[in-house]
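A.B. asks: Heads up: the sequence shown begins at 779 in this note's numbering, then just goes up one per residue.
One structure, as structure tokens, below. Some questions next.
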Amino acid sequence: MSAPIGNISIDGDRMWATIMETAQIGGTPKGGIRRLTLTDLDHQVRDWFRSACEAAGCTVVVDDMGNIFARRPGRDPALPPIAIGSHLDTQPTGGKYDGIIGVLAGLEVLRTLNDQGYETNAPIEIIDWTNEEGSRFAPAMLSSGVFAGVFDTDYAYAREDREGQRFGDELTRIGYKGDVKCGSHALGAHFEFHIEQGPILEAEAKTIGVVTGVQGMRWYEVTVTGTESHAGTTPMKLRRDALLGASRMVAAVNDVACAHTPDAVATVGLIESRPNSRNVVPGSVFFTIDLRHPSDGVVAAMEAETQAALRRIAAESGLEIVIERVWDSPAVRFDPDCIASVRRAADLSGYPSRDIVSGAGHDSAYIARVAPTTMVFVPCEKGLSHNEAEHAEKTDVVAGANVLLRAVLETDQRLAERAGRGD
Ligand code: HGY
Ligand code: MN
Ligand code: MN
């Protein structure tokens, strides 16, 4: 008979050592990680993860989107696996914890179950979802999106980075284009452990965020076209300056979010001015827009206001404009039973917790469409993330991993009983 769930704890030192070890793969001088998806560094950490899971007795399968599934067998192979998933790819100036603690806490859960000789009813699967960040290849959460049927592989393979490299070619190049069809197996449930990436838990001195859902988000690509001309000879009133117009548009995007405070956010994170020469009036500017709000209705209103503002500025400035919506991820509500298991695990473990809606996107937002899903958050310092200075306290990360472990084990028991196959 296995030990009562509440008495099983992970080995915090071992997990922390694993986080610090893999942080060296793509580690930056400022203490962050630069490990863009499908680069050689992503290849390296994938190989590391695969061998660590095999050493823990897992069978490892890679699907045709490069998602890695490390499965620990349970008592009843007929039960769909309970998954612990997140991502190992990072932003260009990412931190050590975003996505990474979710995958490595999953590995620690497996190692702990092995140490304890604990046999689950269902198999447990640790998943590394490819291209969660969407920084190199837009949109974000691309591979969990294919798994959930939101995108197909042809669309995904054709996505290009800013250098024109194709997702499918890069997946093949690093040897992670598996032959298993993405989305071809069911999941009994999906849990994701992650830093909050915002200021709320730290401000309220809460150790655990019981994540009830994810806000709505939309991405756009904008091209503004004017006329390249000589910086010294073109009179100001004759110019068609694409960068001047784009600058006014960036300010207008900011105004749209400010008109829907306190919950709306809007970001222009990527901008390219051409020909990018100091003595040429810019003739063309490409930039991206990221709009988010907990309500899909408000995101739609923000989209309409943004479109109107940008088209007005273009008309006033004599510029052409093309606005393309490249991603629409509606607001998501997670599974009530999974949420309750996280809340109970936090209470059982004596950690202060609060419900929270995720401002950041996560693979769980898409997986929630095909499996009962929720997330466990822990605070990060000053809520800072997507920054090399991202920091989480070891005690919080260990606490969160213990809540993850206990929520997964309780869910395993609940689902087995519901299937009439519990121990
Ligand atoms: O954009 C996001 O919220 C996530 O970090 N990919
Ligand atoms: Mn993440
Ligand atoms: Mn991220």
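Just so you know, even glycine gets a beta-carbon here, dropped at the ideal spot from N, CA and C.
Remember, it's a predicted structure, so these values are computed and weren't measured experimentally.
Out of 1170, 923 and 1139, state which residue places its alpha-carbon closest to the alpha-carbon of residue 809.
C.D. replies: What you label residue 809 is simply residue 31 of the sequence shown in a count that begins at 1. Nearest of 1170, 923 and 1139 to residue 809, Cα basis: 1170.
A.B. asks: So if I measure from each beta-carbon to every heavy atom of ligand 1 and keep distances below 6 Å, which residues remain?
C.D. replies: 910, 911, 912, 918, 1138 and 1139
A.B. asks: Could you tell me the boundaries of the beta strand (DSSP E) in which residue 1003 lies?
C.D. replies: For the purposes of this step, residue 1003 is taken as residue 225 along the sequence shown, with counting starting at 1. Residue 1003 -> beta strand (DSSP E) spans 994–1003.
A.B. asks: Leaving out five residues before and five after residue 1061 in sequence, what residues of the same chain have Cβ atoms less than 8 Å from its Cβ?
C.D. replies: Taking the first residue of the sequence shown as position 1, residue 1061 is located at position 283. The answer, listed in chain order, is 1003, 1004, 1005, 1006, 1007, 1018, 1020, 1052 and 1053.
A.B. asks: In chain order, what residues place their C-beta within less than 5 Å of a heavy atom belonging to ligand 2?
C.D. replies: 876 and 877
A.B. asks: Over the uninterrupted beta strand (DSSP E) stretch that includes residue 1069, give me the two end residues.
C.D. replies: The residue you call residue 1069 lines up with position 291 of the sequence shown. Membership of residue 1069 in the beta strand (DSSP E) is indicated by the continuous run 1062–1071.
A.B. asks: Find the nearest neighbour of residue 1065 within the set 998, 956 and 971, judged by alpha-carbon distance.
C.D. replies: Locating residue 1065 in the sequence shown gives position 287, counting from the first residue. Ranking the options by Cα distance to residue 1065, first place goes to 998.
A.B. asks: Just to confirm before moving on: does the CB-CB distance between residue 1023 and residue 1092 stay below 8 Å?
C.D. replies: Your numbering for residue 1023 matches position 245 in the sequence shown. Your numbering for residue 1092 matches position 314 in the sequence shown. Yes. Within cutoff.
A.B. asks: Within the chosen definition, does the region 895–909 reach the region 794–803 through at least 3 CB pairs nearer than 8 Å?
C.D. replies: No, they do not touch.
A.B. asks: Would you say the region 1025–1035 touches the region 1081–1099, given that touching needs at least three Cβ pairs under 8 Å?
C.D. replies: yes
A.B. asks: Which residues in the same chain as residue 779 place their Cβ atom closer than 6 Å to its Cβ, once the five residues preceding and following it in sequence are excluded?
C.D. replies: On the sequence shown, residue 779 is found 1 positions in, with the first residue counted as 1. The predicted position of residue 779 is uncertain, since its pLDDT is 42 and thus under 50; a value taken from the coordinates is nonetheless stated next. Excluding residues within five positions, none has a Cβ falling inside 6 Å.
A.B. asks: Give me the Cα-Cα distance between residue 1109 and residue 1012, rounded to the nearest whole angstrom.
C.D. replies: Position 331 of the sequence shown, counted from the start, is the residue given in the question as residue 1109. Position 234 of the sequence shown, counted from the start, is the residue given in the question as residue 1012. Computed Cα separation, rounded: 48 Å.
A.B. asks: Compare the Cα-Cα distances from residue 995 to each of 1135, 1129, 944 and 869 and report the closest residue.
C.D. replies: Residue 995 sits at position 217 when you count from the first residue of the sequence shown. Of 1135, 1129, 944 and 869, the residue nearest in Cα terms is 1135.
A.B. asks: Leaving out five residues before and five after residue 1055 in sequence, what residues of the same chain have Cβ atoms less than 8 Å from its Cβ?
C.D. replies: Within the sequence shown, residue 1055 is the residue found at index 277, counting from 1. Cβ neighbours of residue 1055 beyond the five flanking positions: none.
A.B. asks: Can you tell me whether DSSP reads residue 849 as helix, strand or coil?
C.D. replies: For this step, residue 849 is matched to residue 71 along the sequence shown. Looking at residue 849 - three-state DSSP - the assignment turns out to be strand.
A.B. asks: Taking the CB atoms as reference points, tell me whether residue 980 and residue 880 lie closer together than 8 Å.
C.D. replies: By one-based count along the sequence shown, residue 980 stands at place 202. By one-based count along the sequence shown, residue 880 stands at place 102. Pairing residue 980 with residue 880 gives a Cβ-Cβ distance that is not under 8 Å.
A.B. asks: What are the residues that DSSP puts in a beta bridge with residue 1136?
C.D. replies: Within the sequence shown, residue 1136 is the residue found at index 358, counting from 1. 992.
A.B. asks: Below 6 Å CB to CB, which residues in the same chain sit around residue 975 once its five sequence neighbours on both sides are set aside?
C.D. replies: Within the sequence shown, numbered from 1, the residue matching residue 975 stands at position 197. The answer, listed in chain order, is 1138 and 1163.
A.B. asks: Hey, quick one: how far does the alpha helix (DSSP H) through residue 1176 stretch, first residue to last?
C.D. replies: Mapped onto the sequence shown, residue 1176 falls at position 398. Run containing residue 1176: 1172–1196, per the alpha helix (DSSP H) assignment.
A.B. asks: Under 7 Å: does the beta carbon of residue 1164 sit that close to some heavy atom of ligand 3?
C.D. replies: Locating residue 1164 in the sequence shown gives position 386, counting from the first residue. Yes, since a heavy atom of ligand 3 falls inside the 7 Å radius drawn around the Cβ of residue 1164.
A.B. asks: Could you give the distance in angstroms between the alpha-carbon of residue 1106 and the alpha-carbon of residue 1129?
C.D. replies: Here residue 1106 refers to the residue found at position 328 when the sequence shown is read from its first residue. Here residue 1129 refers to the residue found at position 351 when the sequence shown is read from its first residue. Roughly 35 Å between the two C-alpha positions.
A.B. asks: Rounding to the nearest angstrom, what Cα-Cα distance links residue 1044 and residue 1144 in this structure?
C.D. replies: Position 266 of the sequence shown, counted from the start, is the residue given in the question as residue 1044. Position 366 of the sequence shown, counted from the start, is the residue given in the question as residue 1144. Straight-line Cα distance between these residues: approximately 21 Å.
A.B. asks: Shortest alpha-carbon distance to residue 797 belongs to which of 875, 871 and 852?
C.D. replies: Position 19 of the sequence shown, counting from 1, holds the residue named residue 797. It is 875.
A.B. asks: Output the distance between the C-alpha atoms of residue 1119 and residue 1113, rounded to the nearest integer angstrom.
C.D. replies: Mapped onto the sequence shown, residue 1119 falls at position 341. Mapped onto the sequence shown, residue 1113 falls at position 335. If you take the alpha carbons of residue 1119 and residue 1113, they lie about 10 Å apart.
A.B. asks: So, with DSSP's three-state summary, where would you put residue 898?
C.D. replies: Numbered from its first residue, the sequence shown carries residue 898 at position 120. Correct three-state label for residue 898: coil.
A.B. asks: What residue from 1167, 1176, 1182 and 1103 has the CA that sits closest to residue 916's CA?
C.D. replies: Counting from one through the sequence shown, the residue named residue 916 turns up at place 138. The candidate whose alpha carbon is nearest that of residue 916 is 1103.
A.B. asks: Can you tell me the Cα-Cα spacing of residue 1040 and residue 1072, whole angstroms?
C.D. replies: Sequence index remark: in the sequence shown, residue 1040 carries index 262 (1-based). Sequence index remark: in the sequence shown, residue 1072 carries index 294 (1-based). Rounded to whole angstroms, residue 1040 to residue 1072 spans 11 Å at the Cα level.
A.B. asks: Based on the DSSP output, what are the partners of residue 752 in its beta bridges?
C.D. replies: The requested residue 752 does not occur in the structure, where the chain is confined to residues 779 to 1201.
A.B. asks: Give me, in chain order, the residues of the same chain whose beta-carbon lies closer than 8 Å to that of residue 857; leave out the 5 immediate sequence neighbours on both sides.
C.D. replies: Start at 1 with the first residue of the sequence shown, and residue 857 comes out as number 79. Correct list, in chain order: 899, 900, 901, 966, 1193, 1194, 1197 and 1199.
A.B. asks: If you draw a straight line from the alpha carbon of residue 790 to that of residue 1177, how long is it in whole angstroms?
C.D. replies: Within the sequence shown, numbered from 1, the residue matching residue 790 stands at position 12. Within the sequence shown, numbered from 1, the residue matching residue 1177 stands at position 399. Cα to Cα, the separation comes out at about 9 Å.
A.B. asks: State the beta-bridge partners of residue 968 as determined by DSSP.
C.D. replies: Here residue 968 refers to the residue found at position 190 of the sequence shown. When DSSP reads this structure, residue 968 sits in a beta bridge with 861 and 1151.
A.B. asks: Give me the Cα-Cα distance between residue 1189 and residue 1149, rounded to the nearest whole angstrom.
C.D. replies: On the sequence shown, residue 1189 is found 411 positions in, with the first residue counted as 1. On the sequence shown, residue 1149 is found 371 positions in, with the first residue counted as 1. So the alpha carbons of these two residues sit roughly 13 Å apart.
A.B. asks: Mark residue 993 as exposed unless 16 or more other C-beta atoms lie within 10 angstroms of its C-beta, in which case mark it buried.
C.D. replies: Sequence index remark: in the sequence shown, residue 993 carries index 215 (1-based). It is buried - the Cβ of residue 993 has at least 16 other Cβ atoms within 10 Å.
A.B. asks: Run the proximity test for residue 869: is its beta-carbon closer than 7 Å to any non-hydrogen atom belonging to ligand 5?
C.D. replies: What this structure holds is ligand 1, ligand 2 and ligand 3, not ligand 5.
A.B. asks: I need the boundaries of the beta strand (DSSP E) containing residue 1044, first residue and last residue.
C.D. replies: Here residue 1044 refers to the residue found at position 266 of the sequence shown. Start and end: 1043–1045.
A.B. asks: By Cβ distance below 6 Å, which residues in the same chain neighbour residue 897 in space, the five residues on each side in sequence not counted?
C.D. replies: Taking the sequence shown and counting its residues from 1, the one referred to as residue 897 is at position 119. Same-chain partners within the cutoff: 853.
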